[in-house]
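In this note's numbering, the protein residues as written are 173 to 252.
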């Protein structure tokens, strides 16, 4: 499961199959930092993902999404 999905699912109201707008209050959105290696990796992944999407390379996008999730976990201190 993707990091952001996990965070939002944590704040879904009982009995609902969707999140309320208040869930965003619990999600930290960090400011982009050009000096942080993880931010730069995420930016590269984003560019490559958009390129692959225009070329219909879905399997390549899936690999990048997994890499993106791991970097996001590191960025938020969820894993090393």
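By construction, the Cβ of each residue, glycine as well, lies at the ideal position given by its N, Cα and C atoms.
Option in the options with minimal Cα separation from residue i
| i | options | result |
| --- | --- | --- |
| residue 245 | 206, 211, 229 | 211 |
| residue 220 | 208, 207, 235, 206 | 235 |
| residue 237 | 223, 218, 226 | 218 |
Nearest-angstrom Cα separation, counted from residue j out to residue i
| i | j | result |
| --- | --- | --- |
| residue 256 | residue 249 | This structure leaves residue 256 out entirely; the chain is present only between 173 and 252. |
| residue 207 | residue 247 | 13 Å |
| residue 239 | residue 228 | 19 Å |
| residue 231 | residue 197 | 33 Å |
| residue 222 | residue 216 | 10 Å |
Cutoff 7 Å; reference residue i; Cβ partners in own chain excluding five residues on either side
| i | result |
| --- | --- |
| residue 204 | 211 |
| residue 225 | 233 |
Neighbourhood of residue i by C-beta, 6 Å cutoff - its chain only, sequence neighbours within 5 removed
| i | result |
| --- | --- |
| residue 213 | 243 |
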